[in-house]
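Input: a single structure, listed below in structure tokens.
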Amino acid sequence: MSTHLVIVESPAKARTINKYLGSDFEVLASYGHVRDLVSKDGAVDTEHDFAMRYEPVERNQKHMDAIAKAARKSDAIYLATDPDREGEAISWHLHELLKERNVIGDKPVHRVVFHEVTQGAIRDAIDHPRGLSTDLVNAQQARRALDYLVGFNLSPLLWRKITSGLSAGRVQSPALRMIVEREQEIEAFIPREYWSIEADLAHKDQAFVGRLHQLDGNKVEQFSVTDETNAMDVTGRILEAAGAGADGAALPGTLLVTRVEKKQRRRNPAAPFITSTLQQEASRKLRFSAQQTMRIAQQLYEGVDTGNGAIGLITYMRTDSVNLSQEAIAGLRGLIEKRFGPEKLPAKAHEYRTRAKNAQEAHEGIRPTDPERTPESLKGYLSEDQYRLYDLIWKRTVACQMIHATIDTVSVDLKAGDLALFRATGSVIRDPGFMAVYQEGQDDNAADSQDRLLPPLAEGETVSLTALRPEQHFTEPPPRFSEATLVKALEEYGIGRPSTYASIISTLQQRNYVTLEARRFHPTDTGRVVNKFLTEHFERYVDYDFTAELEDRLDAVARGEREWIPLLEAFWKPFHQQVEDTQQVSRSDVMKARELGTDPKSGRPVSARLGRYGPFIQIGTRDDEEKPKFASLRPGQSIETIKLDDALALFALPRDMGETPDGLPMSVNIGRFGPYVRFGDQFASLKKDDDPYTIDRETALERVEEKKINEAKRTIQTFDDGAIKVMRGRFGPYITDGRKRAKIPKDEEAETLTAPRCRELIAEAPEPKGKAKKTKAKPKARKTTKS
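Numbers 1 to 787, taken from the UniProt record's numbering, label the letters of the sequence shown in order.
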């Protein structure tokens, strides 16, 4: 009997597919990537046509061994990795490794692609295989080479010029620039005052609101009324014109209806999800991170057991196409007619055009594999998060093929004499259409509650003016990026591709370039310094347009319209020269301190800096006779915005807290591992909510007592007036003299050790790392370099 080997990326997908194919098929998973560039310099040989040196991914070797073993005894091999550029490259790497192991021979090797894990899609893919796409593989190799060349050349520069552990990326760095520049906009923003004037109106006991639209024949703009004096003057004039008296004493006054305009407008449904819009909506509606969204979508795509074995519930979730297959559209229209009625079905199916450049049109939008599988029918088989995401995808997909919503709008103009004109607007949903299922960017029922109804009004009628409300406002800075708005901005600029957005955001957070607070991105001081270095010395390579153009060129390689090696050559030569030129930039220039002013006590300069362990304030310089003083910034403070007074307040530590009841001096400070109370030669950590700058003596004593109680529980024996202790540790009992730790031999009991034996074991214990005794060194000549 013939055997056929099918290779996919994930074991979950392998299990799902295995049940759809007969016994003559064996389905194995590669567990992702099987080969990558060697992790050292020279992996891309820029001198020899950018030849790339690959090595097997070590963690997946046992899976590769199983694949090779199965390939050896199979009659045909089907490479069924994901249907995108990266998936194509993984198939190519699999093919290359199997060739190296001499297990292919003259066996046919097929590339098969399916966009949903369903029996029909998989059988169709097996029946219609193709060869590996050289264009897609070359495009992916070019991307990998570029990412390597940028990372392996810029990251070491960051280590030398700023601090170790930093990284730069071809797409990551422009994303960081976006976040930093938005923060700079916010910091530079100067609010402007303006006033609005609204009228509380009533007609036949139905209340509604009008907004001042014209004054003295001129349209009222945002800054027409800019201060309280002007607002009060306008209010008084309007009240008088409305017959209420300048002070409003004769309320209600009256306004005359001069225009009533009724319109009917349509609102069309949103297109099916693509990767970026799914991430944005899941962030807005479900509060999912981009990574969380993609992880759950992957589970839904690969297969979930719905009682009769695993089945893929959605199509491939890495896509930039909004296309839907004719089969999918037919299924959706049938469901809509049956579930919502024929009146909710448009005469012709909606067609959506992909806006993304170079979208892979062979893909579909993200949709349920079978719309008849409603969220309610699957609820018992899905986790809470799986259910919520599937529900979002199902509703969006169904709604995209429903009729438009019909909304009646009314606009009414009302005059106060010849002085002012107010405008009131209202709307009512005449036919919700698709909105009965789904609305974009807000809770599904939010629009209903926001509709404002106006009473039936006719031209020439009068309405009562019951109050006039001048309200003060200030302009606001642009908002910080959320995950949703950052993904949207990256997509609009053409930076990155669907599969990269989640990893970009994750890397920025892992490198401590940004923090996510109240679901908004804030750049850290490290992120600011890295961005400043890159924009000053590598401006072209963090330029939004340049990054987008490079993406377009890579996509042209994928389409077979451009050669990949000339593309790399055109990038590499100027980039390499820029790296060489930047080697000459001194670290002191990159890390140039922000001068805050002068310390009034010492007369020495105060500066804000970024160091190896984070941002700090320094009083003095290394050239001073007295050593500089240092203080770490508190959470929420930044070297870019901190003021002199706030910086000097950081030097209030250590705070003298008096003595403990047993006479030990007590103080509060912040150390490398966080804030603490010191009592004598011992230390007690402060709790999360304890502020070392404001903690009172009573709370400090509580932390000391807690430390003593915990210490007593851990102490087995003490010798030499407490200088030597036998303690309970995480990994068993040990002996300590406060500096060294000694293990207790297995044949000895901690409770029966004697003082001489403890001293002996301490003497034999190794010196702690970094704390070995040093001989006194000769004094070095003082450096004269200014800091």
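Beta carbons are placed, not taken as given, at the ideal position from N, Cα and C, and that holds for glycine.
- Per the DSSP secondary-structure output, P129 pairs with nothing in a beta bridge.
- The criterion of a C-beta distance shorter than 8 Å is satisfied by E483 and S283.
- The beta-bridge partner set that DSSP reports for W195 consists of Q472.
- Under DSSP, G614 shares a beta bridge with G611.
- At a Cβ-Cβ threshold of 8 Å, I403 and F434 count as neighbours.
- Segment contact: the stretch 681-689 against the stretch 701-714, three or more CB-CB distances shorter than 8 Å; contact assigned.
- Residue range 206-215 is occupied by the beta strand (DSSP E) that includes H213.
- Distances from the CA of R35 to each of T16, D84, L94, K629 were compared; the closest alpha carbon is that of L94.
- Within the same chain, and ignoring the five residues on either side of I104 in sequence, the residues whose Cβ sits closer than 6 Å to its Cβ are L98.
- Counting the other Cβ atoms within 10 Å of the Cβ of S289 gives 16 or more, which makes it buried.
- F152: member of the alpha helix (DSSP H) spanning 134-161, first to last residue.
- Per DSSP, reduced to three states, the secondary structure at V260 is strand.
- When C-beta atoms of the stretch 302-318 are compared with those of the stretch 373-382, three or more pairs fall below 8 Å, so the two segments count as touching.
- N323 sits in coil when the DSSP states are folded into three classes, being neither helix nor strand.
- The Cβ neighbour count for E86, taken over all protein chains shown within 10 Å, is at least 16; the residue is labelled buried.
- In the pairwise beta carbon analysis, the stretch 154-169 is classified as not touching the stretch 49-66: fewer than three pairs are separated by under 8 Å.
- Judged by DSSP secondary structure, A405 falls within the beta strand (DSSP E) whose first and last residues are 405-416.
- Taking the C-beta atoms as reference points, A593 is found no nearer than 8 Å to F616.
- R741 is bridged by DSSP to T736.
- Using a Cβ distance threshold of 8 Å, S276 and P498 count as a contacting pair.
- Contact annotation: the stretch 113-131 touches the stretch 8-17, with at least three C-beta pairs closer than 8 Å.
- Each of R678, V606, D662, P635 was checked against the Cα of A647, and the nearest Cα belongs to V606.
- Assignment of beta-bridge partners to L421 by DSSP yields Q214, K415.
- The beta carbons of Y54 and I7 sit no closer together than 8 Å.
- In the three-state reduction of the DSSP assignment, Y693 falls in the coil class.
- If you draw a straight line from the Cα of L664 to the Cα of S638, it is about 36 Å long.
- Taking the C-beta atoms as reference points, L345 is found nearer than 8 Å to I336.
- Of the candidates Q326, I619, P432, E471, I619 places its Cα closest to the Cα of K601.
- Contact between the stretch 137-150 and the stretch 559-579 is present, with at least three C-beta pairs closer than 8 Å.
- E228 and E193 have their C-alpha atoms spaced approximately 10 Å apart.
- The distance from the Cβ of L508 to that of Q206 is about 52 Å, inconsistent with a contact at the 8 Å cut-off.
- A distance below 8 Å between beta-carbons, with the five flanking residues on each side excluded, links T641 to the following residues of its chain, in chain order: E187.
- Distance between Q214 and W195, taken at the CA atoms: about 14 Å.
- Non-local beta-carbon contacts of P174 in its own chain, meaning distances under 7 Å to residues more than five positions away in sequence, involve I495, V542, Y544, T547 in chain order.
- Residue Q264 holds the alpha-carbon nearest to the alpha-carbon of V428 among A244, Q264, G614.
- DSSP, read as helix, strand or coil, puts I329 in helix.
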